[in-house]
Amino acid sequence: MIKHSIGIFISGRGSNLNSIIKACKKDDFPGEIKIVFSNNENATGLKIAKENNLKVITLDYNNFKNTEEYEERIIELLKPYNLQLICLAGYMKILSKKIIDNFPNKILNIHPSLLPKYKGLNTHRRVLENNETKTGCTVHYVNQEMDGGKIILQKEVNINSEDTERSIAMKVLREEHIIYPKAIKLVLTK
Ligand code: GAR
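Just so it is clear: in the sequence shown, position 174 is 175 by the numbering used here, and no numbers are missing.
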């Protein structure tokens, strides 16, 4: 099986990164992680990356004049890895046209709702406030509309009357860990 080169972008905990690392270890998985990038040098997910001997790059946005210069530098730093796919996994910074155009149809994101519903932040809180009976997660291509690119895979999760923001987050996250590797496989074998 050809292993395509993947870059993972994280900002925090890195549990989705962990699920992708596990998937990449399987012989029949068509990708391998070449680089983990973070805008946050304190992201706990970076520990997971290092424990798995993955290369890590961190870049603090505050050291740059604007998004354009920040992303130009990211693109430059990623060039040697010749990435076929970039997976945003809890990457909490919005990408601009610069980087999206540089990797056309090669950037995926996971979002904790059933898009197109509940784009943006605090999805589980808003789902509860609206008395929804189901929510879920979505893997989609990244375009310039936030959480608006073409959907690749979704998984529904039921909500019951005892659920809290926290319990919903846990149930949804469990499904995220399953659908993200599946979506990556789909995209890389297309
Ligand atoms: C995940 O629930 C992911 O869907 C969400 O952040 C969490 C990251 O967890 N992403 C977004 O909200 C993107 N807008 P992780 O760091 O443990 O993978």
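Think of the CB as a built atom: it goes at the ideal place given N, C-alpha and C, for glycine as much as any other residue. Fair warning: this is a prediction, and the values are worked out from it, not measured in the lab.
For residue i, which residues of its own chain have a beta-carbon under 7 Å away from its beta-carbon, when the five flanking residues on both sides are left out?
i: I11; result: L18, V37, S39, A44, G46, A90, G91, Y92
i: I152; result: L116, T139, H141
Hey, quick one: how far does the alpha helix (DSSP H) through residue i stretch, first residue to last?
i: I100; result: 98 to 103
i: S168; result: 166 to 189
i: T68; result: 68 to 79
i: G21; result: For the record, residue 21 in the displayed sequence is Ile; it is not Gly. Per DSSP, I21 belongs to the alpha helix (DSSP H) from 16 to 25.
i: L196; result: The displayed coordinates of the chain run from 2 to 191. Any statement about residue 196 would go beyond what the structure contains.
Apart from the five residues just before and just after residue i, which ones in its own chain have a Cβ nearer than 6 Å to its Cβ?
i: H125; result: E166, I169, A170
i: L84; result: S6, G8
i: T68; result: S97
i: F65; result: Y71
i: K99; result: E69, E72
i: L55; result: I34, V37
i: V173; result: P113, C138, V158
Closest by CA to residue i, which one among the options?
i: I8; options: K120, L86, H112; result: Looking at the sequence shown, residue 8 is not Ile but Gly. Answer by Cα proximity: L86.
i: N106; options: K23, V188, S20; result: V188
i: I58; options: F65, T68, K35, N67; result: K35
i: I108; options: I185, I21, S162; result: I185
i: R127; options: I160, N103, K80; result: I160
i: D28; options: N123, I3, K51, K172; result: I3
i: R175; options: L60, K191, E157; result: E157
i: R74; options: N103, K56, L55; result: N103
i: Q145; options: G15, I101, E130; result: I101
Mind checking residue i: buried by the 16 CB within 10 Å criterion, or exposed?
i: E177; result: buried
i: P182; result: buried
i: G121; result: exposed
i: I180; result: buried
i: T136; result: buried
i: L78; result: exposed
i: E163; result: exposed
i: N123; result: exposed
i: P113; result: buried
i: N110; result: buried
Going by DSSP, what residue range makes up the beta strand (DSSP E) through residue i?
i: I36; result: 32 to 39
i: L89; result: 86 to 89
Leaving out five residues on either side along the sequence, give the residues of the same chain with a beta carbon under 8 Å from the beta carbon of residue i.
i: G13; result: N41, A44, T45, G46, G91, M93
i: V147; result: The question names Val, yet the displayed sequence has Met at residue 147. These residues qualify, in order along the chain: I95, K120, G121.
i: L154; result: T139, V140, I180, K183, A184, L187
i: E33; result: K4, H5, S6, I7, C25
**OP:** Identify every run of the beta strand (DSSP E) within the segment 122 to 162, keeping only runs that are complete inside it and at least 3 residues long; order them along the chain.
**Re:** Counting only runs of 3 or more, we get 135 to 142, 152 to 159.
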